[in-house]
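S.K.:
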Amino acid sequence: MRASLFATLLVCCLTASALCEVNQQAIDDVAAGKIKEARASWWGFDETDSTASLQAAIDSRVPKLIVDNVGKPWIVDPIRLVSDQEIVFEQGTEVVAKRGSFKGTNDCLFTCRLQKNVTLRGEGAVLRMWRSDYDGAEYQRAEWRHVLSILSSENVKVYGLTLSESGGDGIYLGSGGTLESYLPSTAYDLLAGNADDAVTGIETVADVVAGRGVLLDVGRAFGDEHGELPDGFAITEEHLESTIATPDPASAGSHSMPPIQSIRSPSASTRSTLQWW
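Okay, here's the thing in structure tokens:
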């Protein structure tokens with residue numbers, strides 16, 4: 048019995064060790080263009096801080112990157128996304144903000160800035176931050192610690208992920224800081240999971256996690272003279288449809304964020320898709 052238990056523990060330890068090891072041959076094959084689909088764990092996994100491994104995997108620019116479910120969360124500092132890449136988070140995978148980090152008021156878990164053709168998929172996967180920490184005395188109060196910040200990027204798609212406990216929006220849509228910045232195309236198909244977000248109305252968008260682009264438009268249609276919504280304003284699908292039907296004359300011909308063009312429900316589930324053009 049003891050021998051059997053020892054053998055089982057040995058196998059588990061070896062398996063955990065293997066998950067942590069860098070697969071240099073596979074990395075070299077990715078760099079050489081021989082492999083078009085890779086696993087993030089090839090770049091290593093550290094249960095206390097996997098920032099370097101996950102960022103290196105993304106920076107490889109492999110067309111399809113799978114973030115493995117290694118049995119423990121990928122704990123990371125802010126991560127940057129790159130163009131022309133699909134990232135698939137395996138079912139049960141968690142990517143979690145490192146506690147004690149994200150001290151910058153604009154630190155986001157994932158940032159997509161000035162990129163194109165980015166897809167994030169993750170049925171049953173979670174991207175999570177620590178909103179309660181950001182309310183503490185050691186953090187400067189801010190509303191911009193988003194789970195996913197999309198800035199002046201084109202054709203960004205997010206499917207199936209649960210985003211939770213951000214210090215701002217689940218998803219933020221905005222300008223990357225250049226005069227020609229705009230967001231031609233962004234699509235969502237997300238599971239609800241942002242009940243603890245710090246920003247007005249983000250938790251109740253017809254069971255969809257939405258972003259600042261939605262809030263700006265709905266605020267224009269239903270807010271006060273400054274476009275501000277009351278605290279706790281519950282944005283429903285009816286608000287979105289009404290906003291779509293009410294164009295904003297001030298946005299005509301500008302490079303500011305385009306208004307919502309459509310909302311559609313692909314199934315009878317609690318998911319919807321929001322599309323910007």
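In the numbering used here, the protein residues as written are 48 to 324. Glycine residues also receive a C-beta, built at the ideal position from the N, C-alpha and C atoms.
Reducing DSSP to helix, strand and coil, say where Val265 ends up.
M.R.: Three-state result, Val265: helix.
S.K.: Please name the residue, chosen from Gly207, Glu212, Val142 and Lys150, that lies closest to Leu101 on a Cα-to-Cα basis.
M.R.: For Leu101, the nearest C-alpha among the options comes from Val142.
S.K.: Starting from the Cα of Ala172, find the closest Cα among Leu208, Gly270 and Val194 and give me that residue.
M.R.: For the residues Leu208, Gly270 and Val194, the minimum Cα distance to Ala172 belongs to Leu208.
S.K.: Taking contact to mean 3 or more Cβ pairs, one atom from each stretch, closer than 8 Å, check whether the stretch 103-118 and the stretch 186-193 are in contact.
M.R.: Verdict: no, contact absent.
S.K.: Check whether the Cβ atoms of Val205 and Leu156 lie closer than 9 Å to each other.
M.R.: Not closer than 9 Å, so no.
S.K.: What three-state label does DSSP hand Ile74 in the structure shown?
M.R.: DSSP places Ile74 in helix when its eight states are reduced to three.
S.K.: Tell me which residues share the same chain as Glu133 and place their Cβ nearer than 6 Å to its Cβ, disregarding the 5 neighbours each side in the sequence.
M.R.: Excluding residues within five positions, the ones whose Cβ falls inside 6 Å are Lys111 and Thr166.
S.K.: For the beta strand (DSSP E) containing Arg160, name the first residue and the last one.
M.R.: Segment Phe157 to Arg160, the beta strand (DSSP E) holding Arg160.
S.K.: Alpha carbon to alpha carbon, how far is Asp180 from Ile122? Give it in angstroms, no decimals.
M.R.: Those two C-alpha atoms are separated by around 15 Å.
S.K.: Between Gly217 and Val203, how many whole angstroms is the CB-CB distance? I'm expecting something under 8 Å.
M.R.: Wrong, their Cβ atoms sit about 14 Å apart, outside the cutoff.
S.K.: Can you tell me which of the three DSSP states Arg146 falls into?
M.R.: The answer is coil: DSSP assigns Arg146 none of H, G, I, E or B.
S.K.: Below 8 Å CB to CB, which residues in the same chain sit around Gly139 once its five sequence neighbours on both sides are set aside?
M.R.: Asn116, Gly171 and Ala172, listed in sequence order.
S.K.: Less than 9 Å separating the beta-carbons of Trp89 and Ala73?
M.R.: Yes, the Cβ-Cβ distance between Trp89 and Ala73 is below 9 Å.
S.K.: Anyone know if the C-beta pair for Arg146 and Ser130 falls short of 9 Å?
M.R.: Against a cut-off of 9 Å, the Cβ pair of Ser130 and Arg146 comes out as no contact.
S.K.: Nearest to Gly214 by CA position, among Gly266, Arg192 and Ile197, is which residue?
M.R.: Residue Arg192 is the option with its Cα nearest to Gly214.
S.K.: Taking the alpha helix (DSSP H) that Gln102 falls in, what are its first and last residues?
M.R.: From DSSP, the alpha helix (DSSP H) with Gln102 extends over Thr98 to Asp106.
S.K.: Does DSSP put Ala172 in a helix, a strand or coil?
M.R.: Coil at Ala172, not helix or strand.
S.K.: Can you say whether Glu212 is buried or exposed, counting buried as having 16 or more other CB atoms within 10 angstroms of its CB?
M.R.: Result: buried.
S.K.: Just reading off the beta strand (DSSP E) that Arg188 is part of, what are its end residues?
M.R.: Counting along the chain, Arg188 falls outside any beta strand (DSSP E), and DSSP gives it neither H nor E.
S.K.: Which residue or residues does DSSP assign as beta-bridge partners of Tyr219?
M.R.: Ser196.
S.K.: Short of 7 Å in beta carbon distance, which residues of its chain neighbour Lys150, apart from the five on each side in sequence? Order them along the chain.
M.R.: So the list reads Tyr186, once near-sequence residues are dropped.
S.K.: Taking buried to mean at least 16 other C-beta atoms within 10 Å of its own C-beta, is Thr158 buried or exposed?
M.R.: With 16 or more other Cβ atoms within 10 Å, it is buried.
S.K.: Label Asp154 either buried or exposed according to how many other C-beta atoms from any shown protein chain fall within 10 Å of its C-beta, with 16 as the threshold for buried.
M.R.: The residue is buried, with at least 16 neighbouring Cβ atoms inside 10 Å.
S.K.: Which value, in whole angstroms, describes the spacing of the CA atoms of Asp182 and Met176?
M.R.: Whole-angstrom Cα-Cα distance: 12 Å.
S.K.: Per DSSP, Leu167 is paired with what?
M.R.: According to DSSP, Leu167 bridges with Ile134 and Val205.
S.K.: Helix or strand or just coil, what does DSSP make of Glu68?
M.R.: Residue state, collapsed to three classes: coil.
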